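Working notes, beginning with the structure itself.
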Amino acid sequence: MIWEVFRQEQRGKYHTHCGNVHAPDKEMALMFAQIQHGRRRPTHSLWVTPRDEIGEVDAEETRFGGTTDKSYRWASTFNTDEDFAAEIAASQREQEAAERERAEQDGGAERGSDAEQGAEEGESA
2 MIWEVFRQEQ RGKYHTHCGN VHAPDKEMAL MFAQIQHGRR RPTHSLWVTP
52 RDEIGEVDAE ETRFGGTTDK SYRWASTFNT DEDFAAEIAA SQREQEAAER
102 ERAEQDGGAE RGSDAEQGAE EGESA
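Here my numbering is used: the first residue of the sequence shown is 2, the next is one more, and so on.
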């Protein structure tokens, strides 16, 4: 029986076909794959599957979608004037001010809880 072997070089990368092995069962196929394909190059993992279990669909059998025009997603055709740009800048400044205020409130709350904890430790000592 022929088993196809797919190798992953590093975690997070794709598995790529690296060859096949001839083996009577799954356990032997895994062992042969490790010996033949796992030792030659850096390997994170191997996939081993029977050749009969792999199917293929090509462009002649079915029509794939391909890429579609998605230019409508980009704001390239909108008319923007100076008033609109000023409004965006003002909104951005408001957001930054709100973030600073939240950070100051969170920092003050943490410092307050640290002071309370220090006072409690002083009482217990």
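Backbone N, C-alpha and C define an ideal beta-carbon position, used for all residues, glycine too.
Predicted model, so just to flag it, every value in this text is computed and none were measured.
Inset, instruction - Compare the Cα-Cα distances from Lys14 to each of Leu47, Met32, Glu28 and report the closest residue. - result: The option with the nearest alpha carbon to Lys14 is Leu47.
Legend entry - alpha helix (DSSP H) segment containing Ile3, residue limits: Run containing Ile3: none in the alpha helix (DSSP H); it sits in the beta strand (DSSP E), 3-9.
Legend entry - Contact between the stretch 5-13 and the stretch 40-56 (3+ Cβ pairs under 8 angstroms): Touching, yes, given that three or more Cβ pairs across the two stretches are closer than 8 angstroms.
Inset, instruction - Kindly indicate the opening and closing residues of the alpha helix (DSSP H) around His38. - result: Per DSSP, His38 belongs to the alpha helix (DSSP H) from 27-38.
Inset, instruction - Work out the CA separation of Gly108 and Arg101 for me, nearest whole Å. - result: Near 10 angstroms, if we compare the C-alpha coordinates of Gly108 and Arg101.
Legend entry - His18 and Phe7 closer than 8 angstroms at C-beta: Yes. Within cutoff.
Inset, instruction - Determine the direct distance from the alpha carbon of Ala60 to that of Arg41, and round the result to whole angstroms. - result: Taken atom to atom, the span from the alpha-carbon of Arg41 to that of Ala60 is near 34 angstroms.
Inset, instruction - Assign Gly108 to one of three DSSP states: helix, strand, or coil. - result: Residue state for Gly108 is assigned as helix, using DSSP reduced to three classes.
Inset, instruction - Please report the residue range of the beta strand (DSSP E) in which Pro51 lies. - result: Element bounds for Pro51: 46-51.
Legend entry - Alpha carbon of Gln106 to alpha carbon of Val49, nearest angstrom: Separation of Gln106 and Val49 (C-alpha to C-alpha, rounded to the nearest whole angstrom) is 56 angstroms.
Legend entry - Length of the line joining the Cα atoms of Asp26 and Gln37: Straight through space, the alpha carbons of Gln37 and Asp26 are spaced by roughly 16 angstroms.
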